[in-house]
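Just so you know, the protein sequences line up as chains G and R, in that order.
Note that the UniProt record's numbering numbers the first sequence so that position 86 is 86, with each residue one more than the last.
Note that the UniProt record's numbering numbers the second sequence so that position 106 is 106, with each residue one more than the last.
Beta carbons are placed, not taken as given, at the ideal position from N, Cα and C, and that holds for glycine.
There are 2 protein chains.
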Amino acid sequence: MARPREFNIDDAIGKATEVFWTKGYQEASLPDLLEGMGLTRGSLYKAFTDKKTLFLLVLEHYEDRAVAAAQARLSDPGVADGRDRILSLFQASVAAATSGDHRGCLLCTAAAGAEMSDPEIAAAVQRGLQGIREGLETALRASPVHGAQEEAAIRALANVLLTQYIGLRVLARSQLSLGIVEHGVAGVARLLEMS
Amino acid sequence: MARPREFNIDDAIGKATEVFWTKGYQEASLPDLLEGMGLTRGSLYKAFTDKKTLFLLVLEHYEDRAVAAAQARLSDPGVADGRDRILSLFQASVAAATSGDHRGCLLCTAAAGAEMSDPEIAAAVQRGLQGIREGLETALRASPVHGAQEEAAIRALANVLLTQYIGLRVLARSQLSLGIVEHGVAGVARLLEMS
DNA sequence: CGTGTATTGTACCAATCAGTTCCGAACTGT
DNA sequence: ACAGTTCGGAACTGATTGGTACAATACACG
Numbered sequence: 001m002a003r004p005r006e007f008n009i010d011d012a013i014g015k016a017t018e019v020f021w022t023k024g025y026q027e028a029s030l031p032d033l034l035e036g037m038g039l040t041r042g043s044l045y046k047a048f049t050d051k052k053t054l055f056l057l058v059l060e061h062y063e064d065r066a067v068a069a070a071q072a073r074l075s076d077p078g079v080a081d082g083r084d085r086i087l088s089l090f091q092a093s094v095a096a097a098t099s100g101d102h103r104g105c106l107l108c109t110a111a112a113g114a115e116m117s118d119p120e121i122a123a124a125v126q127r128g129l130q131g132i133r134e135g136l137e138t139a140l141r142a143s144p145v146h147g148a149q150e151e152a153a154i155r156a157l158a159n160v161l162l163t164q165y166i167g168l169r170v171l172a173r174s175q176l177s178l179g180i181v182e183h184g185v186a187g188v189a190r191l192l193e194m195s
Numbered sequence: 001m002a003r004p005r006e007f008n009i010d011d012a013i014g015k016a017t018e019v020f021w022t023k024g025y026q027e028a029s030l031p032d033l034l035e036g037m038g039l040t041r042g043s044l045y046k047a048f049t050d051k052k053t054l055f056l057l058v059l060e061h062y063e064d065r066a067v068a069a070a071q072a073r074l075s076d077p078g079v080a081d082g083r084d085r086i087l088s089l090f091q092a093s094v095a096a097a098t099s100g101d102h103r104g105c106l107l108c109t110a111a112a113g114a115e116m117s118d119p120e121i122a123a124a125v126q127r128g129l130q131g132i133r134e135g136l137e138t139a140l141r142a143s144p145v146h147g148a149q150e151e152a153a154i155r156a157l158a159n160v161l162l163t164q165y166i167g168l169r170v171l172a173r174s175q176l177s178l179g180i181v182e183h184g185v186a187g188v189a190r191l192l193e194m195s
């Protein structure tokens with residue numbers, strides 16, 4: 001017995017994700033969000049309480065979509081060699097950047113921003129990155145070269161790869177013409193050559 | 001024949017560097033800078049024109065100090081093996097983070113921020129990172145394992161190391177408890193094991 | 001010992017920020 | 001049709017943003 005909401009919550013979160021992904025948390029102003037989401041202040045605050053709460057939902061959404069997609073890539077049974085799955089992940093990131101998508105990774109951008117001083121945001125970012133690391137570990141276990149290694153060694157290499165991933169996506173977002181992103185896949189390939 | 005400036009320009013830039021390094025470009029407000037530099041609005045604008053110009057001077061200052069220090073480490077003739085120089089660079093970064101200095105790297109933080117849309121700032125950040133990359137290449141040429149490799153291979157590995165450096169310093173700043181920074185040196189050591 | 005000049009500090013500016021309030025409109029269940 | 005609610009939209013709040021204008025101040029030079 002009430003007036004129904006005229007917009008779809010999930011759609012709105014999806015659109016908000018786009019805005020935050022493009023501009024970053026702090027830089028995304030409320031007018032930016034309102035325009036991108038196609039609704040007005042009243043509706044936004046009624047539905048999402050405030051900017052930070054909306055961002056937490058966006059981080060969840062990003063985890064469910066982008067992180068899950070990365071994990072799917074990293075555990076794709078269609079690719080037998082886990083190293084190729086990892087290369088495919090980096091390939092996708094590099095391809096996005098070279099084809100004009102300079103949004104980078106929402107989590108990586110957030111990790112470098114001041115919003116990390118908020119414990120709830122930090123926890124959400126941590127969850128997302130942790131998810132990518134787990135995906136990397138899964139893939140490494142499916143590598144003929146690394147699969148047999150002990151757990152600690154796999155974890156160590158996954159850490160290196162995750163760090164590399166963050167660095168690469170920061171560079172992709174920066175638009176710097178250092179020529180690093182373009183050769184990012186080859187770099188990771190070298191990383192995976194070692195025993 | 002006029003009233004002399006009551007503060008030292010270089011000192012002020014040094015103090016401004018501290019503020020920007022700690023808070024980031026956007027997040028450092030004018031009051032933050034005024035307090036950190038110990039002067040008032042009038043003096044700051046008279047001496048430095050505006051916030052962005054001050055930041056450009058700060059980037060130069062950072063290049064002259066922090067980047068130069070990194071380069072010195074990476075070409076230290078007292079350390080014969082270039083790999084050890086590289087490890088020493090990462091060691092220093094990790095040590096800073098584990099001992100409570102979570103400022104990370106001014107250039108890396110800037111690279112991940114929205115200020116990169118300004119071409120002058122982007123150019124300055126590019127110069128700084130380029131300097132670190134050159135240092136890494138210098139060190140690699142002094143590595144018994146890599147020194148004999150062709151130029152392209154050295155450049156490729158330097159790119160991987162720079163990306164790793166950026167990722168690591170972003171993580172150091174983020175204060176995330178992923179346990180990656182602590183083992184960052186070991187990760188790089190693995191990276192340098194390969195031929 | 002003035003006089004000119006640059007620095008300093010303060011008051012101010014418009015713009016923008018996130019967030020609140022409130023009323024008219026719109027829809028549901030009866 | 002009506003009562004009960006909730007939504008949508010605009011106007012508004014107070015704080016903060018970077019930047020400016022100007023008057024008081026303090027120094028150097030003649």
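- Between residue 42/R and residue 119/R, the alpha-carbon positions lie close to 27 Å from each other.
- Cβ neighbours of residue 173/R within its own chain (closer than 7 Å, five residues either side excluded): 102, 103, 104 and 109.
- Counted as a single uninterrupted DSSP element, the alpha helix (DSSP H) harbouring residue 93/R occupies residues 82-98.
- Secondary structure at residue 148/G: coil, using DSSP grouped into helix, strand and coil.
- Judged by DSSP secondary structure, residue 45/G falls within the alpha helix (DSSP H) whose first and last residues are 41-48.
- In this model, residue 160/R and residue 54/R are separated by some 32 Å (Cα to Cα).
- Following the DSSP letters along the chain, one finds residue 178/R in no alpha helix (DSSP H), marked with neither H nor E.
- Look at the stretch 126-148 of chain R: the residues with a C-beta under 8 Å from a C-beta of chain G are 126, 129, 130 and 133.
- One Cα belongs to residue 121/G, the other to residue 170/R, and the distance between them is close to 16 Å.
- Taking a Cβ-Cβ cut-off of 8 Å, the neighbours of residue 183/G in chain R comprise 156 and 159, given in sequence order.
- Here the alpha carbons of residue 186/R and residue 24/R stand approximately 29 Å from one another.
- Going by C-alpha positions, residue 75/G is about 28 Å away from residue 112/G.
- In the displayed model, residue 130/R falls within a helix according to three-state DSSP.
- In the assembly as shown, residue 3/G is an exposed residue. Its beta-carbon has fewer than 16 other beta-carbons within 10 Å.
- Close to chain G, meaning a Cβ-Cβ distance shorter than 9 Å, are the following residues of the stretch 96-121 of chain R: 104, 108, 109, 110, 111, 112, 113, 114, 116 and 117.
- In the three-state DSSP reduction, residue 7/R falls in the coil class, being neither helix nor strand.
- DSSP places residue 114/G within a helical segment (H, G or I) once states are collapsed to three.
- Nearest Cα to residue 58/G within the set 189/G, 14/G and 114/G: 14/G.
- Using a CB distance cut-off of 8 Å, residue 180/G counts as an interface residue toward chain R.
- Under the Cβ criterion of 8 Å, residue 82/R is not counted among the residues facing chain G.
- Comparing C-alpha distances from residue 127/G to each of 19/G, 80/G, 68/G and 72/G shows the shortest one belongs to 68/G.
- The three-state secondary structure of residue 65/G, taken from DSSP, is helix.
- In this structure, 188/G is the residue among 46/G, 188/G and 123/G with its C-alpha nearest to the C-alpha of residue 93/G.
- Under the Cβ criterion (8 Å, minimum of three pairs), the stretch 145-156 of chain G does not count as touching the stretch 140-160 of chain R.
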